[in-house]
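In my numbering, the protein residues as written are 61 to 267. All residues carry an ideal CB built from backbone N, CA and C; glycine is no exception. Note that the structure is a prediction, hence the values are computed from the model and not measured. Report on the following structure.
Here it is in structure tokens:
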């Protein structure tokens with residue numbers, strides 16, 4: 061009867077090997093699970109992209125406010141919208157009387173704008189016929205730039221200066237200058253400001 065039974069030795073060895081394989085596979089599975097728990101897929105130390113950076117609300121509000129304020133500030137005047145007028149305090153001066161001259165600038169546009177009405181951009185020229193006898197910039201000292209806001213339809217007038225009835229040139233600023241002809245002679249005042257020269261002159265008579 062014993063000769064009909066299956067051999068025992070080889071079968072036990074196969075079972076042993078299978079069990080070792082199953083144990084090893086289980087151990088590898090446990091290690092894999094632990095690794096996945098420690099290192100999550102998709103995790104990275106790379107900083108957030110620029111598109112993910114949020115701008116603080118206070119900074120965004122400040123920027124928007126500054127932009128809005130800048131858009132409301134008056135823009136520089138266009139020369140075409142400025143009207144410059146020459147002004148004399150009288151049209152007829154007695155002998156020895158000094159003319160007081162000035163100018164006005166008016167914004168003819170529909171919105172306020174800014175213009176440089178300082179002495180650096182201001183000029184008075186007095187002529188008699190084709191003879192230009194006096195120019196305010198010939199002996200000007202310490203010219204200044206002054207930005208002024210001009211509201212529509214509201215002329216701004218400069219301070220008046222006195223003309224001493226003499227001829228001017230850049231070479232005669234520190235010496236005695238030649239007086240102009242009087243006795244009923246007619247002269248014309250032309251004014252310039254902010255790069256705009258008045259279309260009309262102001263005539264006056266010197267006695």
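- Taking C-beta atoms under 8 angstroms as the contact rule, residue 252 and residue 240 fail to qualify, at a distance of about 21 angstroms.
- Looking at the DSSP output, residue 263 bridges to 248.
- Rounded to whole angstroms, the separation of the alpha carbons of residue 223 and residue 257 is 19 angstroms.
- Ranking 259, 187 and 176 by CA distance to the CA of residue 228 puts 187 first.
- The beta carbon of residue 197 lies closer than 7 angstroms to those of 183 in the same chain, with the five residues before and after it left out.
- A residue is called buried when at least 16 other Cβ atoms come within 10 angstroms of its Cβ; residue 179 meets this threshold and is buried.
- Residue state for residue 204 is assigned as coil, using DSSP reduced to three classes.
- About 11 angstroms separates the beta carbons of residue 167 and residue 136, which is beyond the 8 angstroms limit, so they are not a contact pair.
- The shortest C-alpha to C-alpha distance from residue 142 to any of 254, 79 and 94 is the one to 254.
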